[in-house]
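Position one of the sequence shown corresponds to residue 11 (the numbering used here), numbered consecutively onward. Even glycine gets a Cβ: it sits at the ideal position worked out from N, Cα and C. Fair warning: this is a prediction, and the values are worked out from it, not measured in the lab.
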Amino acid sequence: MSALVTLLATLCFAYAAGIFTVLSMIEKPIWPLLQDPADEHVRTATVRRIHAQLRELLPLLPPTMKTVMGAGAVLLATQAWLQAFDGITIATLAVFVLGMLYILRRLQPRIRAVAALDSAGDATRLRIATGELAALHRAGLAVAASVLALQIALVATI
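Right, here's the structure in full:
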């Protein structure tokens with residue numbers, strides 16, 4: 011049972027890391043906005059295009075990722091319990107919980123900011139909203155990839 015839970019948790023975070031990687035690749039042309047929303051190297055037309063793409067994904071990805079990350083949370087907690095809260099399961103759970111606290115505190119306002127704007131609207135607001143959501147996707151990738159790496163280390167010990 012413990013091996014199955016560990017495998018399922020690993021698969022959840024592999025899926026999550028994959029989704030966040032795809033989002034990061036979509037957002038790659040606007041990465042400079044993460045540091046400076048006024049960066050002149052990022053064309054406004056590019057911001058508008060990526061904003062439109064993200065808006066199209068809003069009905070699908072947030073519910074999907076909430077389900078995957080929620081299932082991952084249950085599986086990580088179950089894994090820790092089944093393995094008597096040993097060091098690596100506690101470390102994995104801690105990385106996940108701390109990362110999710112950071113993300114969840116910011117998620118809904120950033121999604122709403124992107125959803126509320128028209129892609130043809132004010133360029134400054136588009137740059138800020140799209141850049142802030144992209145930054146959160148990068149944080150999600152960091153959390154999912156970190157948990158995945160810890161899970162792979164755990165799978166290697168089974």
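Cβ-based neighbour list, Leu33, same chain, cut-off 6 angstroms, excluding 5 preceding and 5 following:
Sequence index remark: in the sequence shown, residue 33 carries index 23 (1-based). Only His147 meet the Cβ criterion.
Could you check where the alpha helix (DSSP H) with Phe30 kicks off and where it finishes?
Numbered from its first residue, the sequence shown carries residue 30 at position 20. Residues 12-37.
Rounded to whole angstroms, what's the CA-CA distance from Val2 to Cys22? Just pull it up for me.
Residue 2 cannot be examined here, being either before or after the span of the chain that is shown, 11 to 168.
Considering just the uninterrupted stretch of the alpha helix (DSSP H) at Pro72, what are its terminal residues?
Locating residue 72 in the sequence shown gives position 62, where the first residue counts as 1. 71-92 is the span of the alpha helix (DSSP H), which, as asked, contains Pro72.
What do you reckon, are the CB atoms on Pro42 and Asp49 nearer than 8 angstroms?
If you number the sequence shown from 1, residue 42 lands on position 32. If you number the sequence shown from 1, residue 49 lands on position 39. In contact: Pro42 and Asp49 (Cβ atoms closer than 8 angstroms).
Using only CA atoms, which one of Leu136, Ala155, Ala152, Leu151 lies nearest to Arg59?
Mapped onto the sequence shown, residue 59 falls at position 49. If we check each option's Cα against that of Arg59, Leu136 comes out closest.
Between which residues of its own chain and Ala178 is the CB-CB distance below 7 angstroms, once the five residues before and five after are set aside?
Nothing about residue 178 can be read from this structure; the chain reaches only from 11 to 168.
Have a look at Ala19, Gln63, Tyr25 and flag the residue whose alpha-carbon is nearest the alpha-carbon of Asp128.
To locate residue 128, count along the sequence shown from 1; it is residue 118. Per the Cα distances, Gln63.
State the CB to CB distance for the pair Gln186 and Ala19, rounded to an integer number of angstroms; the pair is presumed to be in contact (CB under 8 angstroms).
As shown, the chain starts at 11 and ends at 168. That puts residue 186 outside it, with no answer to give.
Whole angstroms are fine: how far does the CA of Pro72 sit from the CA of Leu85?
The residue labelled residue 85 in the question sits at position 75 within the sequence shown. The residue labelled residue 72 in the question sits at position 62 within the sequence shown. Between Leu85 and Pro72, the C-alpha separation is close to 20 angstroms.
Span separating the alpha-carbon of Ala133 from that of Arg122
Here the question's residue 133 lines up with position 123 in the sequence shown. Here the question's residue 122 lines up with position 112 in the sequence shown. Computed Cα separation, rounded: 17 angstroms.
Contacts around Gly141, its chain only, beta-carbon distance under 7 angstroms, and the 5 residues preceding and following it disregarded:
Numbered from 1 along the sequence shown, position 131 holds the residue referred to as residue 141. Once the five neighbours on either side are set aside, the close Cβ partners of Gly141 are Ile40, Leu43, Leu44, Pro47.
Examine chain B for any beta-carbon lying closer than 8 angstroms to the beta-carbon of Phe23, and answer yes or no.
Absence of chain B from the displayed structure is noted, only one protein chain being present.
Can you give me the start and stop residues for the alpha helix (DSSP H) that Phe106 sits inside?
In the sequence shown, the residue the question calls residue 106 occupies position 96. Run containing Phe106: 97-126, per the alpha helix (DSSP H) assignment.
If Thr92 and Ser12 are in contact, beta carbons under 8 angstroms, what's the gap, nearest whole angstrom?
As a first step, residue 92 must be located in the sequence shown, where it is residue number 82. As a first step, residue 12 must be located in the sequence shown, where it is residue number 2. Rather than Thr, the amino acid found at residue 92 in this sequence is Leu. Right, their Cβ atoms sit about 4 angstroms apart.
Span separating the alpha-carbon of Ile138 from that of Arg53:
The count along the sequence shown starts at 1 and reaches residue 138 at position 128. The count along the sequence shown starts at 1 and reaches residue 53 at position 43. If you take the alpha carbons of Ile138 and Arg53, they lie about 13 angstroms apart.
Reduced DSSP secondary structure (H/G/I, E/B, other) of Ala159
Counted from its first residue, the sequence shown places residue 159 at position 149. It is helical.
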